[in-house]
Amino acid sequence: MSNNSILVVGGGFAGITAALEAAEIGHEVYIVETNPYLGGRVAQLNQYFPKLCPPSCGLEIQFQRIKNNPKVKFFTMSEVVSVTGTPGAFDVKIKERPRFVNANCTMCGECEKAATSTVASEFEFGLVDRKVAYSTHLFAFPQRYVVDAAACAPGELDKLKDACPYGAIDTADAEKTFDLQVGSIIWATGWKPYDMAKLDNLGGGKLANVVSNMQFERLAAPNGPTGGKIERPSDGKAPKRIAFVQCAGSRDENHLNYCSYICCMASLKHVTYIREKLPEAQVVIYYIDLRTPGRYDNFMQKVAGDDKLTLVKGKVAKIVECECKSPILTVEDAVTGIKGEERFDMVVLATGMQPSCAGSKLPVELPVDDDGFIIGGADKGVFAAGCAKLPLDVMKTAQTGTGAALKAIQNVVGR
Amino acid sequence: MAEKLGVYICSGCDIGKALEMAPLLEAVTKGKNAGICPVVKQNPVLCSPDAVAEIEADIAANGLDGVVVCACSPRVKWDIFQFGQGVQVERVNLREQCVWSFREDDKVPGLLPLMAKDYIKMGVMKLSKSRIPAPEVPETFKTILVLGGGMTGLTAALEAAKLGKDVVLVERAATLGGKAATMYKTFPMSHPYLKAEDTGVDQLIAEVTANAKIKVLTSAELVSLEGAPGLYSATVNAGGEQKLDIGAVVLATGWVPGDKSFLAPMGYGRIKNVVTAAEFEAMTKAGSIVRPSDGKAPASVAFLTDVSLCTQGTVGGTAEVCAPVDPLPETPAEGEAEVNPYADKENAKHLAYSSELTSLVALKQAGYVREKLGEAVAFVLYDHMMVPGINERYYKSAQDDAGIMLSKATITAVTEDADGGVIVAAKDTLLGADIELKADLVVLPTAIVPVTAHEPTMNLQYRQGPGFPDLELFDGFVDSNYVCFPYETRRTGVYAAGCVRQPMTMATAKEDAAGAVLKAVQCIGSANRGVAVHPRSGDVSFPVFNFQRCTQCKRCTEECPFGALDDDEKGTPKPNPTRCRRCGTCMGACPERVISFDNYNIDQIGSMIKEVYVPDDMVAGGPRVIVLVCENDAYPALDMAAFRGKSWSPFVRFVPVRCLGSVNAIWVADAISKGVDGVIMLGCKYGPDYQCHFVKGSELCSRRKTNIAESLGRLGVEAERVEQYEVSIDEYDKVPALIERFMTEVITKFGPNPFKGY
């Protein structure tokens, strides 16, 4: 007996899209997401290119669709442990980590007020600390606090429990495993920013005022660690000269053997953030090619018209810092051949995207390439979508999510 | 109508700390709706399992058909307060938008209880005017019409057939295969992305023609598409006209090569040995790569993808692209039919938009030179090597070929040499200086121009015209203006895929075809269940027309962003529920107020506004301002502002609306005549990068606002008392300042509404 249900692994934009499109045709879907919230990487973005609109706008619609559709069920803080069975009749074992906060939570915030221990915020890429009782971000869905029991000081967990007026802190919460029976699986585990620390010559993770493009998104976000102020991490000052280093890790056989698709458009978008918030700041983008395909050309032309922006086809060989923590770049202009040193107040490394699963063993047999992208699986009833499959922008991610939903349905219909 | 309501007030989450419960309960038990509220209670934690069980018991014991939950925002605990099909629920947002965001006014202190009472009474009134909608469910056609028999269309037809759907595939040409059939090879479609490969189109054609679920019509054209999703009648001419029952359409008519005259600045038409990529492809496919001048095999071929000579002065003219959206049509004179001549949308920018494909094609065709011409060399001169994503690997494999020379270059001139060779002059190269390069043959890029840039294609028999209304915005591509929702256009039931939507590779087009098929199938299913598609997916409500009072003013038929309404010769609207997205723009447009939804209507919102207490003396009681709030974006922004501890004037009252497009002028007029001192409309950004989920709602509202303000002016009320602000969902921190601005610039400046107290 074949099962019509679909499991979607990953609750980012690809996964949510795939789940909703399948559910609105009438299939029961389960979303399994490792974070405490749905939305994935886009939840961390300030704005989308080229419209400069907020991702929370589209996510709000998606969450409304989830709320209104009983066919969609989701599990956060959960991961797939193993997959057995065959297409049409999979048995999937899921592990759910303890949240220590139950459905009674009203988001009143009393636990957060009572918490004293802090750890570096994963959501904010370490730019700020969060408390052990926390909500990742303003638009977090589901709206329910998380308690990081492992990071609590002795006795702190009980203190949090006492602070909650609604009995929502469950100190006895523990890891659970459960099984789901499904007919198809959509693999949409997305991407992670390439680890800056591997870009040794560019000072990634070492130099205070060298940040990643995703950190820059958070610095510009109104709900980010600075309330949307672009400032130097070292001293909180507004930078006057900012450089972008494109292909930080991408297009490099020693790091990522492909182009990460989004970074050129992302850096151009970041120029618009800077222009809005720091009207006088000078910006230089060092690039190999500016990859702005299709009608993105209009956006590129518009931003390139900024008279305080310089686009340099060139290679950044090295970044060091001066005693005032300003990054000094060793650069070579590819057209003029001129080599030199340039000092900036802040540098953004346009780090690429790496498949989230890169380097780890998948709980299901799927062919992957050397970089960790999934390159098959359809014959096994598993369909990859979004950046687990290819480096893509949000629009194309939604497109692949929709296509994967169709394939997953084909796999369970008429078996 | 909900006739037996239970009203529950939560005192948790600071509500009880800030408000005394007894007077709030009394506002209902002693209010004018007391008769329909048999159960009125408070609870310390309304979302607790015990409290929910109590509500369920009350419903059973008292036969309640409506529950008013006065607690947190409806965005929170949505799953807790659901009591089954027969029980309507209204959420009164006492926590975020009342208690948490309340700010004391120095001159008129202690207003919080009054505000809470207003909101509770508004919620009760709203629910009392709400019915459970019962949609008519049409029996729909299930066949999918695929327009275009190229790579995208063939793939779409097969994908739909694999799902068990019947398909009619209509292809204009005599044979299937489209552009793919004219290609020697295509760039890599799968791992490891290193080599050009066969397109596979012949295999695809064989599969499609052998598939019993797919009816193929070649040399065929769609003459017209009448009706609505699930209920279309397509007239197709394939050596004689035939009518087909169609559920939904996948538009995959693809592209045509760009007008070659745009390439004249690069020597095309002037120099014999300058050809286009399309011509070079045809040559290769035919078996011999030769120079047009002498029929000899070239020893060197230069592929130029930098098109700045052709696009100068046009690219970046975003002002042109973002031309103002179509103006609100004046009501046409009696009997005057609107005729939309189809303006051609091709321009030189299509060359720039095709950059990804022209780069990949240059790499591919440089490979042809190496494959077919032995010792010949290929040059590729590019501005930016536009191979985003995984195709970087294909670029790298070209770089590894010693016979392919690649360089960045800005082409400055293309001239003919005496011996028939072509001299390409370029600057900004990677070769150290400005260069002149001589090649036996020069290949210029071919622009991807969507078929829809030249013709309406769909031939929709819609009152608003035969094509897609947003094409100007996308230079003729049938694209979506939503980053998140690539298949959403303004014509429900038609889903575009492939190069008619965006320039894209075959690998992407095949995936796109699958996505469009899913949306088409989903649309038919939704129509068949009487529910809306995106963005109010699953909504069972629909606009109901009271035709007796209709004056045939045509506003609703003209303003519907989705062209859902046709009309008869007199101008009476003819609704097409399966085209409708339930935004309520028609309801907002109607001056006679003849359009309503069972659970959202003019009387309901008007009555809610009347529940707001307006003191006769503004100095003693403070002013009152009604804020009509878009529930999709502005409303969550208000919630978020409250979460962030923001507060604002205690004189405003929020009224959520489906979309600002649904705001009817009568609500504003009634509010002003009741003595309300000002009205704010808070909704999405509009203009070329609109964020309105219903495309036109906030923009239409802003135009109506101008009319409303003028009417008020004639009555002696300052036009400034009605204002619209654009707020996106993440501008929560700006909301308090916007409200403050209105309170000082309008209310303080103009003082009390002159109608107050009458």
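Taken in order, these protein sequences are the chains called R and E.
Position 185, counted from 1, in the first sequence is what our numbering calls 185; the numbers after and before it change by one each time, with no gaps.
Each number in our numbering comes from the position in the second sequence (counting from 1) with 415 added on.
Even glycine gets a Cβ: it sits at the ideal position worked out from N, Cα and C.
Note that this is a predicted model, so its numbers are computed, not measured.
Residues near residue i by beta carbon distance below 6 Å, same chain, minus five either side
i      : result
R/R343 : S326, I328
E/N991 : A643, A979
E/E749 : Because the pLDDT of E/E749 is 43, which lies under 50, any placement of that residue in the model is unreliable, and the number read from its coordinates should be weighed accordingly. Closer than 6 Å at the Cβ level, and outside the excluded window around E/E749, lies no residue.
R/T76  : E33, P36
E/T567 : A667, A912, G913, A924, A928
R/D369 : I375
Beta-carbon neighbours of residue i, restricted to chain E and to distances below 7 Å
i      : result
R/G294 : Y768, E771, Q917, P918
R/L349 : Within 7 Å Cβ-Cβ: nothing; R/L349 doesn't reach chain E, min ~18 Å.
Reduced DSSP category for residue i - H, G, I as helix; E, B as strand; rest coil
i       : result
R/Q143  : coil
E/W1212 : With chain E covering only 416 through 1173, there is no way to say anything about residue 1212 of chain E.
E/P438  : helix
E/S1011 : strand
E/Y1028 : coil
E/Y902  : coil
R/I262  : coil
E/I1000 : It should be noted that the sequence gives Thr, not Ile, for residue 1000 of chain E. In this structure, E/T1000 counts as helix in the three-state DSSP scheme.
E/W493  : coil
R/D129  : strand
R/L309  : strand
R/K407  : helix
E/R706  : coil
R/K318  : strand
E/F1170 : coil
R/E124  : coil
E/N458  : strand
R/K159  : helix
E/A663  : strand
R/C247  : strand
E/I819  : strand
E/Q937  : helix
E/E694  : helix
Sub-8 Å separation of residue i and residue j beta-carbons
i      : j       : result
R/V348 : R/H270  : yes
R/A22  : R/G190  : no
R/V303 : E/V898  : no
E/Q876 : E/S1088 : no
R/D129 : R/T118  : yes
E/P865 : E/M873  : no
Reference residue i, options the options, closest by Cα
i       : options                         : result
E/V514  : E/V502, E/A697, E/G1098, E/C485 : E/C485
E/L1097 : E/Q1106, E/L1075, E/K1089       : E/L1075
E/V443  : E/Y534, E/D709, E/L775          : E/Y534
R/A220  : R/L406, R/E28, R/L38, R/L45     : R/L45
E/Q1019 : E/Q500, E/D855, E/S543, E/F517  : E/S543
R/V211  : R/K67, R/A248, R/I31, R/T330    : R/A248
E/V1091 : E/V1027, E/K1149, E/D1054       : E/V1027
E/Y423  : E/R1156, E/K536, E/A625         : E/K536
E/K969  : E/T1000, E/V491, E/I559, E/L609 : E/T1000
E/I620  : E/Y608, E/A595, E/I661          : E/A595
R/Y261  : R/K229, R/K361, R/P193          : R/P193
Contact set for residue i: own chain, Cβ-Cβ below 7 Å, skip 5 residues either direction
i      : result
E/E418 : I451, D480
E/R785 : A793, D816, G818, I819
E/S774 : T720, Y797, M800, M801, V802
R/D91  : T84, G85, D179, Q181
Contact set for residue i: own chain, Cβ-Cβ below 8 Å, skip 5 residues either direction
i      : result
R/T402 : T17, A18, E21
R/T86  : G381
Per-residue contacts from residue i into chain R (C-beta, under 9 Å)
i      : result
E/G427 : T106, C108, P165, Y166
Contact set between residue i and chain E, taken where Cβ atoms lie within less than 8 Å
i      : result
R/Q410 : E574, K577, L578
Chain-ordered neighbours of residue i on chain R, where CB pairs are closer than 7 Å
i       : result
E/P1006 : Near E/P1006 there are no residues of chain R at all, since even the closest Cβ is about 31 Å away, more than 7 Å.
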